[in-house]
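Numbering (my numbering), first residue to last: 2 to 109.
Structure record follows, encoded as structure tokens.
See below:
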């Protein structure tokens, strides 16, 4: 956890968080908590994000926040596209989206 605290401190001191919309900042903190390591690929389910943000938080809101984070070079992301059987894909679609993300190390 100490490594995450250092990353957060460096990102905050760099000013990268200053111009972010509040939802993007909150999502960054959630992803930082769920990331395996900064610089490595991690996954988070839509249900986890929605549980943290509330039922009124839409996928479009999430995509806007992710886009803002990517624009500030804080992460890269994509929807997960796992190799699965038709039945597994149908089950995942009913469960919702899964996002693959990678937090970028802070610059400087």
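No residue lacks a Cβ here, since even glycine has one placed at the ideal position from N, Cα and C.
Of the residues 107, 6 and 57, which one's Cα is nearest the Cα of residue 75?
-> What you label residue 75 is simply residue 74 of the chain shown in a count that begins at 1. Of 107, 6 and 57, the residue nearest in Cα terms is 107.
With 16 other CB atoms within 10 Å as the buried threshold, where does residue 25 fall?
-> Reading the chain shown from its first residue, position 24 is the one you call residue 25. By the neighbour-count rule (16 or more Cβ atoms within 10 Å), residue 25 is buried.
With 16 other Cβ atoms within 10 Å as the buried cut-off, status of residue 73 | Numbered from 1 along the chain shown, position 72 holds the residue referred to as residue 73. Buried, by the Cβ-count rule.
Can you tell me which of 65, 70 and 102 puts its alpha carbon nearest to the alpha carbon of residue 81?
-> As a position in the chain shown, residue 81 is number 80, starting the count at 1. Answer by Cα proximity: 102.
With DSSP collapsed to three states, give me the class of residue 75.
-> As a first step, residue 75 must be located in the chain shown, where it is residue number 74. It is coil, neither helix nor strand.
For the alpha helix (DSSP H) containing residue 15, list its first residue and its last residue.
-> Locating residue 15 in the chain shown gives position 14, counting from the first residue. Taken as a continuous stretch (DSSP letters only), the alpha helix (DSSP H) holding residue 15 covers 3-15.
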